[in-house]
Structures are given as structure tokens and as C-alpha cells.
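Notes to accompany the following structure.
Residue numbers (the working numbering): 548 to 963.
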């Protein structure tokens, strides 16, 4: 999702090597690196709070590497890998601490994994040989029969992540040229509303939300059973939790794949939504927010198409024509206090995000040129053909209510 000349692809393959001891030793090495960085953090007061300053001098990193190499019997480059991962962990903790999501508690490494640098493996004839101990122990992985070999033809190999029973392989390939078309998505509770040069696109997410509700009700029933049959309830909870996770993942993969195919060559703009800032003291509201898969949709789309994160602030409350403040009328209809534009709530958010993608501020001329002039004509053509402007699963003639001239909200302007 960053501006980069490469696209990142990752795949995993299973293995049967006994690497438990190696993973435990690397985890201990990584924790030592985290401890050393943590002990040398300098705390400075900024306003009413203390801000951590992480040591990053070349001398400190050199001494840290030398200390990690003591009693280390594996390849020395794993110490460099541990230093890099430790800094990544501390930086992640610092960002969350500044945002108020973490306390002054040292991070603890719990997962067992090893990040294998490019200097620690050889890739030749579609076979990977990972060095564990130089001239003593190597791990070999054959990719000649891998199911993804056609997808990675012409790609460069990046870092590897070794786990207890699998190897995650990261490939790099040149990114596609910058797309000429853009589409902005407004993520809502029961729908995804997009806006582009083709008009208003609405994706129905009710099946996904219904899936969450169904499995939540199953878990409640099983939790009542746990008092009488705890082992059976625990086994069934694990079974249905795994099934729920797999079904959601399958739904999102199919959805994002269809979007990438339908809008091939488009740059997709998504709201950069953070759930943690949406929670309040209402339990029902918090449950509704926790069920959403906004971040997962963005993550899956990021390696299927070009993605850009957008600031969601006031995207629904701002008038896309004059920049005034919108107020809610009946249902999903909003009206501008200044220019009296009436428009659907979801459509308004999608249009504002679309304008932000292009860098256009709200103005009557921009609204007429980018929204009204270009899109109303396409809506007319679609309605005349009787096809509508929506993707599969939506209703035909799902034309957005919008009245640039201040007519009634339920009248589709210029579409009769």
C-alpha cells in the first residue's frame, strides 16, 4: 500500500523438519535484543507525558550485535535479523504508546519464528537452501511442484519466515504502472459504496453480517453447555470458531477478487478506519463494530490491486459541492446547510473520498465537472439499457438519489 516500485506476494509451504530448538533459541535471542533496547530507552517529557526515545546510534547497534553473538552457535547473520526485528517490535510499541493504546510495559516475544535474510539462503533451480549452521546444517525446500509457481514467474525472492511446520516465502515483482482510473470506497455496516467514472457502485455485505450473527448465536449456546459438558463445549467451540473464520475469509477473498477483476486497472481508495477509536460504553454498539472486517478487506485488496488509504474524517458530513456541513433528514438522506444539496448518505461519503483521491477540494465547478457532468450521462445510458450501474448481487436501476437543483430527495434528476 505504500508508494513502491514493487508488489509483494507471499505464499507458504509445509515442511517436516524438526526446528523447535532452533526456533526457541532464536526467540530467546530476539527477546535479549528487545530487552537491551528497552533498557537503553531515554524518556523525555513532552507536555504532560513522557515520550520514549529509542537508541539508534551505530555504536549501540554494533555493541548490541556483538553481545547477541556470545554463546550463539548458529549463523551470525541471524543476530542481524534479530536486531532488525527487535527494532521493528519496539517501534510498533512506541507508535501504539503515543496513541494511548499501550502502557509502559516491555514487549514480550511469544511466537516462535525466524526471519531468514537474503544472505542466509540460496535460490537455484527453483530450490531454496537455508543455512542454519554453516557447513553443518541446511534446510532444503523444493518449489518445482508448488501450486503457486506460475504466479511467481519472473518474481524476485525476498525474506523468508521459518515456522515450526511451514515456510513463508515472500516474492517481489515490479508494480503495475500508475492506473489512470480511480475508485473510492465508503465502508459501511451492511454495504460497500464505491464511486468512480462509472457511477455509484453498491456492494451488499448483509450475507457477511448475517454469517457473524449466526456463529455468534452458536457460541452463546455452546457457552451455556460448558457448565454441564465442558470438554464437549470446548471442542465444539474450537470447531465452529475455525469454521467461522474460514467462511469469512472465503467470502472476503471472493469479494476482493471479483472487485479486482471488475475494476482492472483502477486504483482503489479505502478509508483508513481504526476500530479502537469507535468503541464507547454501549455494549451493543461495540459488538457491531467488532464484527466489521474493514481492515481485512483492505489487506486482501492490497495485493490484488493498487490500494490507497484515505483520511475518513468528515467524509460524510461535508458537502461535496460547496464544502458546507450536511445535516440528516429522513432515513439516509442528507442536506447541505449552505447550497441545499440533497444526497444519499453513503453516496456522499463515496464522492468526497473520490474527490480526495484526485486532490480536488469541494467546489461547485469541480462537482459539476467531476460528478454531475461525467457521471449523470453514464447513469442515463445504463438506465436506458435497463442494466443499472451496480455489481452482481445489487438491484438493477439502483440509481442514487441526488438533486443538484434542490428538488425532492426521492426524485432522480435527469433520469426520467
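For glycine and all other residues, C-beta sits at the position ideal for the given N, C-alpha and C.
Nothing here was measured: the structure is a model prediction, and the numbers come from that model.
Closer than 7 Å by C-beta to residue i: which residues in its own chain qualify, once you throw out the five before and the five after it? Chain order, please.
i	result
residue 600	588, 589 and 591
residue 619	576 and 626
residue 574	656 and 659
residue 938	Caution applies to residue 938, whose pLDDT of 46 falls short of 50 and renders its modelled position unreliable; the value that the coordinates give is listed next. 748, 750 and 809.
residue 553	719, 720, 721 and 722
residue 636	581 and 654
residue 567	711
Under a Cβ-count criterion, where at least 16 other Cβ atoms within 10 Å of its own Cβ denotes burial, should residue i be classed as buried or exposed?
i	result
residue 736	exposed
residue 666	exposed
residue 621	buried
residue 757	exposed
residue 580	buried
residue 825	exposed
residue 827	exposed
residue 651	exposed
residue 729	buried
residue 639	exposed
residue 865	buried
residue 839	buried
residue 698	exposed
residue 862	buried
residue 868	buried
residue 884	exposed
residue 616	exposed
residue 844	buried
residue 816	buried
residue 818	buried
residue 733	buried
Could you compute how far the alpha carbon of residue i sits from the alpha carbon of residue j?
i	j	result
residue 813	residue 701	23 Å
residue 996	residue 690	Only positions 548 to 963 of the chain appear in the structure, and residue 996 is not among them; the question remains open.
residue 842	residue 642	18 Å
residue 725	residue 849	14 Å
residue 902	residue 837	29 Å
residue 623	residue 634	18 Å
residue 674	residue 767	48 Å
residue 684	residue 695	27 Å
residue 871	residue 858	18 Å
residue 609	residue 668	23 Å
residue 563	residue 692	16 Å
residue 896	residue 792	30 Å
residue 777	residue 783	10 Å
residue 788	residue 800	18 Å
residue 913	residue 900	14 Å
residue 928	residue 877	Low local confidence applies: a pLDDT of 43 at residue 928 is under 50, so the model's placement there is unreliable, and no value is given.
residue 572	residue 745	56 Å
residue 565	residue 555	29 Å
residue 807	residue 713	29 Å
residue 614	residue 785	43 Å
With a threshold of 8 Å on Cβ separation, who are the neighbours of residue i within its own chain once the five nearest residues in sequence on each side are excluded?
i	result
residue 804	851
residue 570	659, 660, 661, 709, 710 and 711
residue 781	773
residue 602	584, 587, 588 and 589
residue 769	780, 783, 784 and 787
Excluding the 5 residues flanking residue i on each side, which residues of the same chain have their C-beta closer than 6 Å to its C-beta?
i	result
residue 798	755
residue 583	611
residue 550	Its pLDDT being 45, under 50, residue 550 is placed unreliably in this model, and the value from its coordinates should be taken loosely. So the list is empty, once near-sequence residues are dropped.
residue 742	731, 897, 898 and 901
residue 705	717 and 719
residue 822	836
residue 664	624 and 628
Give the range of the beta strand (DSSP E) segment to which residue i is assigned.
i	result
residue 715	713-721
residue 678	674-680
residue 826	Where residue 826 is concerned, there is no enclosing beta strand (DSSP E), given that its DSSP letter is neither H nor E.
residue 593	589-593
residue 855	853-857
residue 730	728-734
residue 489	In this structure the chain extends from 548 to 963, so residue 489 is not present and cannot be described.
residue 668	668-671
residue 750	746-751
residue 903	Element bounds for residue 903: not the beta strand (DSSP E) but the alpha helix (DSSP H), 892-905.
residue 884	Here residue 884 belongs to no beta strand (DSSP E), and DSSP marks it neither H nor E.
residue 642	Per DSSP, residue 642 belongs to no beta strand (DSSP E); it is in the alpha helix (DSSP H), 624-645.
Where do the ends of the alpha helix (DSSP H) carrying residue i lie?
i	result
residue 810	Counting along the chain, residue 810 falls outside any alpha helix (DSSP H), and DSSP gives it neither H nor E.
residue 742	Run containing residue 742: none in the alpha helix (DSSP H); it sits in the beta strand (DSSP E), 738-743.
residue 575	567-586
residue 608	605-615
residue 618	Here residue 618 belongs to no alpha helix (DSSP H), and DSSP marks it neither H nor E.
residue 847	841-849
Could you round the C-beta distance between residue i and residue j to whole angstroms and report it? I think they count as a contact, below 8 Å.
i	j	result
residue 727	residue 904	No, residue 727 and residue 904 are not in contact; Cβ-Cβ is about 12 Å, not under 8 Å.
residue 760	residue 557	With a Cβ gap of about 32 Å, residue 760 and residue 557 do not count as contacting.
residue 560	residue 688	6 Å
residue 887	residue 879	Not quite, the Cβ-Cβ distance comes to about 17 Å (not below 8 Å), so this is no contact.
Check whether chain C comes within 8 Å of residue i, counting only Cβ atoms and requiring the distance to be less than that.
i	result
residue 806	You won't find chain C in this structure, because it holds only one protein chain.
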